[in-house]
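Residue numbers (the numbering used here), protein chains in the order written: chain A, 1 to 1094; chain B, 1 to 106.
Glycine included, C-beta positions come from ideal geometry on N, C-alpha and C.
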Amino acid sequence: MFTHLHVASGYSFKYGTASAGQLVERAAEFGMSALALTDRDGMAGAIRFVQECESHGVAPILGVNLSFLQKKYRITLLAQAGSLPALYRLVSAVNRDTANEKVLTFETLEKFSQYSSQILALHGPDSYLASTIAARRDESALSIFHSAKELFADQAIEVISHRSKGDGPFSIAHAAKLLGFARKHDIPAVISNAVRMLDRTDGPVADVLDSARLLVPLHQRHIERSNSEAYLKNEAEMALIADEVSRAAGESNGRLLLRTTSEWAERAILSPRRDVGIGSIHLPEPQMFGAQRHEELAEQLRRRSESGLHRYSGALSVQAAQRLEEELATVRTLGYEAYFLAVADIADTARSKGIRVAARGSGAGSLICYLLGISGVEPMSQGLLMERFCSTLRNELPDIDIDVESARRLEIYDAIFERFGPERTATVSMVETYRARHAIRDVGAALGISPMEIDLIAKSLPHIRARNIGKALENLPELKNLKLDTPLMKTAIHLAGRLDGLPRHLSMHPCAVLLSDKKLLDIAPTEINASGYQMVQYDKDDVEAVGLLKLDVLGVRMQSAIAYSLQEIERVEGTKIDIDAIALDDSLTFDLIKSTRTLGLFQIESPGQRELVGKFAPQTFTDLIIDISLFRPGPVKSDMITPFINTRHGFRSKPVIHPDLDEILHETEGVVVFHEQVIRIIALMTGISLAQADEKRRELGTFESQQEVCDWFYPAAISQGYELSLITQVWEILRAFASFGFCKAHAAAFALPTYQSAWLKSHHTAAFLAGVLTHDPGMYPRRVIVDEARQWGIEIAPIDINRSEKSYCVEKVNVDGARPPYEAPNTASTGAILTLPDARGYAIRMGLADIQGANEKEIDSILANRPYVDLADFTHRSGASAPTTKALLLVGAFDSLYVGQGINRRDLLLHFHDLDKFGRNKGGGQMALQLVPSTLEASGLPDLTPAERIRHEVDLTGMDISHHMMEFYGEFLNSVGAIRSSDLIHQRSGATVLVAGVKVALQTPPVRSGRRVMFLTLDDGYGCNDVTFFENVQGDHANLLYHSWLFLVRGVVRKTGARGISLRALSAWELGESYSKWRSLSEVNEMKVGDTGE
Amino acid sequence: MFEQPASAPEPRVLAPEGEPIEFIYRGHRFHIHNILSRWQESGGWWNRISDGALHNSAHLEQSIFNDGGRAIWRVEAAPVGALATFEIELDELTGKWIIRPTSRPA
């Protein structure tokens, strides 16, 4: 039986054209009993390959094909049974050897000979050995071979014929020469096919990959491939080649060659369990927690958890103690104590460094996580379940995710590496695959299509799979103008589709960190990634398969924004707020949410969420959890929201299915929203445990197993005494909603920062918005947040050379002027009057970091040398570059130095040009000119107009600081009868209106029907207008929407609830253009008026 | 090396097991005595994109992905008398044979 010993999959980046799965499947079809994977320069595909082998009944062989000696040669290495760790360690060593560009050298082999000496080496046609043989230097070849003997466990000559023309590598003649050498010197010889494709027809894909890898266009001169023979051949085809080569070498047939190949394959076959470690588990050793044995860990976990029980009192404390016992028993059975303790340690470390931490995901369902301080959400009163997170029935590892301040996330990484050491910790990789944009770019470059043309298409493509490019191009009206039906473009699109899903490179998973025992480096190949962290070459599924537990450390900008706000409050007010201890029932906070003025808040600031909170009017923390759970594609599409809202507001009576279920469904008005509810219903009606019920819930997710659950559910519920009609009714609900449900623990973990951000915005509006501006956590550009602050009556203080910090700071100011025109809109549906905060009395000072082109060093230098007495002083001492100084000047950063002196920005600008010239001459050593900078004086030139000021602000900081930019269009907008966003609520549903504004967001969420809907959010200085463009109006406007940013829109008002309102667009114009037309028109009118007057 | 005239009748090659053993060239039957070398060629598909054959997208896949695969045998063959050297090429897409006498010595 023939075994391929040299096979590259797509994990040989930009080289292999087939997935590991396709290759294994094909080998199984051929009846092959084993298959090797020897990807180029890395082993990222190993686990996937071994899993595929297991499921296809093929024995796996793992190896690697490494670049050797200054990239001139290659060598194929195979692990033997028991020596896979050695191969991993050698590959890791090579991948860390950046000095040699990750190329294997003899020095590396000698240095790591304890590993290489366990490994089999194959010298193929592109090996150092073969090139020496081909050069007819048999003596040196033989000495190379002998000197390498002690470096490897065993070596063979690898004969490959692709039937290439001539007598170079991969030709029959070359192969025969290698075989002849092997025979003459009694060296074992094996045959392989150096597979890189699944089928002969994959040649063009290989060419495109070569072109992308080598960065050259397709041309005969650059193409390595002379034919399509490097595909996975079957046994007969390989026997034919073996015969051909053997005969050319003077043997009667290829039998000996094939037999040696089989013997070598036999030596290299690995056991997926014993060798690869599939299904094992690796956790930090008890010693890492100061314990000797595992039992002590359990004791430690119990002690630490119990010490948190004081948070409960009365009856709840009894329940909590009981639940803790159950959870501890589960953890005990699974042996995961070390995992919980490790995560608790990490959370504690973060807090001790003053870094905000919050658990996210289903982990919040565990009481242990709450008691250890990993999660801040109290699980019992919210009905959160441990079983949803982790149970003895689950065949997968639990996954705790923690959210930390994005700005300090890497500090946590460093702390983890320090605590557990690089022999137990690593980051995880992520495979970047070809999607539409990259595919079309690489194919376009290969085919020599003009870069501009390709760029245009690539940028227009949404983030979709490459194989859907054709379809996408048909559906995008704005691409109609591109000539896509030429043979060249058609070919490009077709080929791009063939690249679909092929790996491009490995990058670091954005948040996963492994916590293992010290075996880590024996069970996974590693490298040092671009950020300098050790990273396993496996992705998150692979690490789970070999039993490596990971912790997801997610950087959340909102946590940074909250931390920043708290610092500002402490700095300005002198109050220290423990945001994690605030009561969760603050009415001011909920009034703010209900008013839909949620810009800047976590999770609920998007146009869609603003509409939903307007309809829903959340009153409690639980309501926030429900709101977050409802706002997802599934519930929105299946319209779970309407029955819920209708019941909540009393438009519909609450459906009572059965009294037993009422307790479970009460909080969500009889609608199934949460996974936890599904689990409880199943457990309640069939009498099984919650853990078993969660298994059933998971099975509901797939169509095939759904029927099995159904067949089980009916008899099980009947045996509990439920009526058939009820069972049918409940089953229908389970079937319909199980897949749309959301993990309540996950939503609750999100609801906490949502609430905290809302609380901060209601009680410390300026400090909160300064935090949002500094850390930019949300979907809106900064200028919208600046405008939001302005609307709340907060002053926007310009950049000031002596007062601005790097980031945004809060300053106290005198309250002047009336309360902002900010009313809570119509509250008719609830009859409640909303109280909105009075945020006056504060200013937000713009920061220096927003000046375009100013770098960190410059800013630090400016700050360090303060204060400055005038512009000359600044130019002399600040260390700022001329462009930065000029930018600062233009946005008014020096204005406060010249108050009341009759000096305007234009005078300053002239003065600065003199200073700059003088400074440069001085630096150039032109002393002879004796130039003295002119003194600053009023030139009599007019100051910059407000319009010019704003233009400079927008150009240099991206924000309109002194005024809202829509103010200039006020007269025009009034004359055409445009409606302010704040007045839209007074319009009747169905009315046609005109609105205007700056583009804040343009979203095109994926819709299953394939019909694209575009959501445009416009800010007009009074709030936001949310405008929907359906397909029928997109053709005319999609281009405009993508490429302009000031709009005038005509649309039809649609009211969706108490405060929910949106517009359906009829047409749209670029505001500036409309304005110019109006200007010229009114000039004409004035002239006409003038005419009649004469 | 020269091509056959375009008007020449299509060559007939006898290859019962895939490998040629006899062929007719310019009206003469040649018997193959020895295969000197054989190789596979393909590629250059990107040069054929703009030749107009691909306007119909149904042909696109076929035209690109068959990639002009060719099997070539360099053989010694003789009708009667002295041996001559030929290259026999099989176009794997169309199944057409091309025969070229070659001046290159064996």
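Below 8 Å on the Cβ atoms is my guess for residue i versus residue j; work out the distance and round it to an integer in Å.
i	j	result
residue 546 of chain A	residue 280 of chain A	6 Å
residue 511 of chain A	residue 553 of chain A	5 Å
residue 331 of chain A	residue 551 of chain A	Between residue 551 of chain A and residue 331 of chain A the Cβ distance is about 16 Å, and since that is not below 8 Å, they are no contact.
residue 973 of chain A	residue 998 of chain A	That pair is no contact at about 13 Å.
residue 43 of chain B	residue 226 of chain A	7 Å
residue 889 of chain A	residue 905 of chain A	7 Å
residue 373 of chain A	residue 348 of chain A	7 Å
residue 996 of chain A	residue 1048 of chain A	5 Å
residue 891 of chain A	residue 956 of chain A	5 Å
Run through the DSSP bridge pairs and tell me what residue i is partnered with.
i	result
residue 1050 of chain A	A:994 and A:1067
residue 91 of chain B	B:70
residue 34 of chain B	B:76
residue 40 of chain B	B:71
residue 429 of chain A	A:508
residue 1029 of chain A	A:1014
residue 97 of chain B	B:90
residue 68 of chain A	A:73 and A:104
residue 503 of chain A	A:433
residue 405 of chain A	A:556
residue 63 of chain A	A:38 and A:78
residue 28 of chain B	B:25
residue 220 of chain A	DSSP output for residue 220 of chain A lists no bridge partner at all.
residue 674 of chain A	A:742
residue 231 of chain A	A:197
Would the beta-carbon of residue i be found less than 7 Å away from any heavy atom of the ligand SAH?
i	result
residue 584 of chain A	You won't find the ligand SAH in this model; it holds no ligand whatsoever.
- Query: Are the segment 18 to 32 of chain A and the segment 228 to 238 of chain A touching by the rule of at least three beta carbon pairs closer than 8 Å?
  - Reply: Touching, yes, given that three or more Cβ pairs across the two stretches are closer than 8 Å.
- Message: Under 8 Å, CB to CB, which of the residues in the segment 31 to 43 of chain B have a partner in chain A?
- Response: Of all residues in the segment 31 to 43 of chain B, 37, 38, 39, 40, 41, 42 and 43 have a Cβ within less than 8 Å of some Cβ in chain A.
- Message: What are the residues in the segment 217 to 250 of chain A lying within 7 Å of chain B by C-beta distance?
- Response: Along the segment 217 to 250 of chain A, going in chain order, the ones with a CB nearer than 7 Å to a CB of chain B are 218, 220, 223, 225, 226, 227, 228 and 229.
- Message: To be precise: take each residue of the segment 361 to 391 of chain A, compare its Cβ to all Cβ atoms of chain B, and keep it if any distance is under 7 Å. Which residues remain?
- Response: Listed by position along the chain: nothing, the set is empty.
- Query: Given a limit of 9 Å on CB to CB distance, which residues of the segment 88 to 101 of chain A reach chain B?
  - Reply: Of all residues in the segment 88 to 101 of chain A, none has a C-beta nearer than 9 Å to a C-beta of chain B.
- Message: Suppose only complete runs of 3+ residues qualify. What are the beta strand (DSSP E) ranges in the segment 822 to 906 of chain A, listed by chain order?
- Response: Listed in chain order, the complete beta strand (DSSP E) runs (minimum 3 residues) inside the segment 822 to 906 of chain A are 842 to 845.
- Item | Cβ contact check for the segment 180 to 199 of chain A and the segment 257 to 265 of chain A: 3 or more pairs under 8 Å | Enough Cβ pairs lie closer than 8 Å, so yes.
- Taking a cut of 9 Å between CB atoms, which residues from the segment 66 to 77 of chain B lie near chain A? Here the close residues are 66, 67, 69, 70, 71 and 72.
- Contiguous beta strand (DSSP E) assignments of at least 3 residues, all confined to the segment 946 to 1020 of chain A: Segments of the beta strand (DSSP E) lying fully in the segment 946 to 1020 of chain A: 992 to 1003 and 1014 to 1019.
- Message: Closer than 8 Å is the cut-off here; do at least three beta carbon pairs connect the segment 355 to 368 of chain A with the segment 395 to 409 of chain A?
- Response: The segment 355 to 368 of chain A makes contact with the segment 395 to 409 of chain A, as at least three CB pairs between them are under 8 Å.
- Taking only beta carbons into account, state which residues of the segment 146 to 177 of chain A come closer than 9 Å to chain B, listed in chain order. Of all residues in the segment 146 to 177 of chain A, only 162, 163, 164, 165, 166, 167, 171, 172 and 173 come within less than 9 Å of chain B when Cβ atoms are compared, listed by chain position.
- When Cβ atoms are compared, which residues of the segment 483 to 517 of chain A fall closer than 7 Å to chain B? Going along the segment 483 to 517 of chain A in chain order, one finds 487, 488, 490, 491 and 494 with a Cβ nearer than 7 Å to chain B.
- Task: Could you please tell me which residues of the segment 442 to 473 of chain A, in chain order, have their CB closer than 9 Å to any CB of chain B?
- Result: Against chain B - using a Cβ distance shorter than 9 Å - the residues of the segment 442 to 473 of chain A are 446, 447 and 448.
- Message: Between the segment 244 to 257 of chain A and the segment 480 to 496 of chain A, can you find at least three pairs of beta-carbon atoms closer than 8 Å?
- Response: Flag = no, the segment 480 to 496 of chain A and the segment 244 to 257 of chain A do not touch.
- Message: Would the segment 612 to 626 of chain A count as touching the segment 743 to 759 of chain A if we require 3 or more Cβ pairs under 8 Å?
- Response: At 8 Å Cβ cutoff, the stretches touch.
- Inside the segment 576 to 600 of chain A only - alpha helix (DSSP H) runs reaching at least 4 residues: Counting whole runs of 4 or more residues, the segment 576 to 600 of chain A contains the alpha helix (DSSP H) stretches 587 to 594.
- Query: Counting pairs of Cβ atoms below 8 Å between the segment 370 to 390 of chain A and the segment 770 to 781 of chain A, do you hit three or more?
  - Reply: These segments do not touch.
- Message: Does the contact criterion of 3 or more C-beta pairs under 8 Å hold for the segment 365 to 381 of chain A versus the segment 316 to 333 of chain A?
- Response: Segments in contact, yes.
- Message: Is it the case that the segment 533 to 540 of chain A contacts the segment 423 to 438 of chain A, given that we only count it when at least three CB pairs across the two stretches are under 8 Å?
- Response: The segment 423 to 438 of chain A is in contact with the segment 533 to 540 of chain A.
- Meets three-Cβ-pair contact criterion under 8 Å: the segment 123 to 132 of chain A and the segment 77 to 93 of chain A: Proximity of the segment 123 to 132 of chain A to the segment 77 to 93 of chain A falls short of the contact definition, fewer than three beta-carbon pairs being nearer than 8 Å.
- Message: Within 8 Å, do at least three Cβ pairs link the segment 265 to 279 of chain A to the segment 9 to 17 of chain A?
- Response: No: the two stretches stay apart, fewer than three of their Cβ pairs being nearer than 8 Å.
- Query: Going along the chain, which residues of the segment 180 to 200 of chain A sit with their C-beta nearer than 8 Å to a C-beta in chain B?
  - Reply: Cβ contacts with chain B come from 200.
- Item | the segment 139 to 149 of chain A in contact with the segment 168 to 179 of chain A per 3-pair CB rule at 8 Å | The segment 139 to 149 of chain A, when compared against the segment 168 to 179 of chain A, does not touch it at the 8 Å Cβ threshold.
- Mind listing which residues of the segment 14 to 26 of chain B have their C-beta closer than 8 Å to chain A's C-betas, in chain order? If you check each beta-carbon in the segment 14 to 26 of chain B against every beta-carbon of chain A, none falls closer than 8 Å.
- Item | Complete runs of the beta strand (DSSP E) confined to the segment 300 to 367 of chain A [at least 3 residues] | Along the length of the segment 300 to 367 of chain A, whole beta strand (DSSP E) runs at least 3 residues long occupy 357 to 360, reported in chain order.
- Query: Does the segment 466 to 473 of chain A touch the segment 495 to 505 of chain A, meaning 3 or more C-beta pairs lie closer than 8 Å?
  - Reply: The segment 466 to 473 of chain A and the segment 495 to 505 of chain A touch, with three or more beta-carbon pairs separated by less than 8 Å.
- Should the segment 18 to 35 of chain B be called in touch with the segment 73 to 88 of chain B, which here means at least 3 C-beta pairs below 8 Å? In short, these stretches touch, since the Cβ pair count reaches three.
- Mind the definition here: the segment 1021 to 1034 of chain A touches the segment 793 to 808 of chain A only if three or more C-beta pairs lie below 8 Å; say whether that holds. These segments do not touch.
- Message: Under 7 Å, CB to CB, which of the residues in the segment 55 to 75 of chain A have a partner in chain B?
- Response: When CB distances to chain B are screened at a threshold of 7 Å, not a single residue of the segment 55 to 75 of chain A falls below it.
- If contact means a Cβ-Cβ distance below 8 Å, which residues of the segment 85 to 105 of chain B contact chain A? Identification of residues in the segment 85 to 105 of chain B having a C-beta nearer than 8 Å to some C-beta of chain A yields an empty set.
- Message: At a CB distance below 7 Å, what residues from the segment 991 to 1017 of chain A approach chain B? Give them in sequence order.
- Response: Cβ contacts with chain B come from no residue of the segment 991 to 1017 of chain A.
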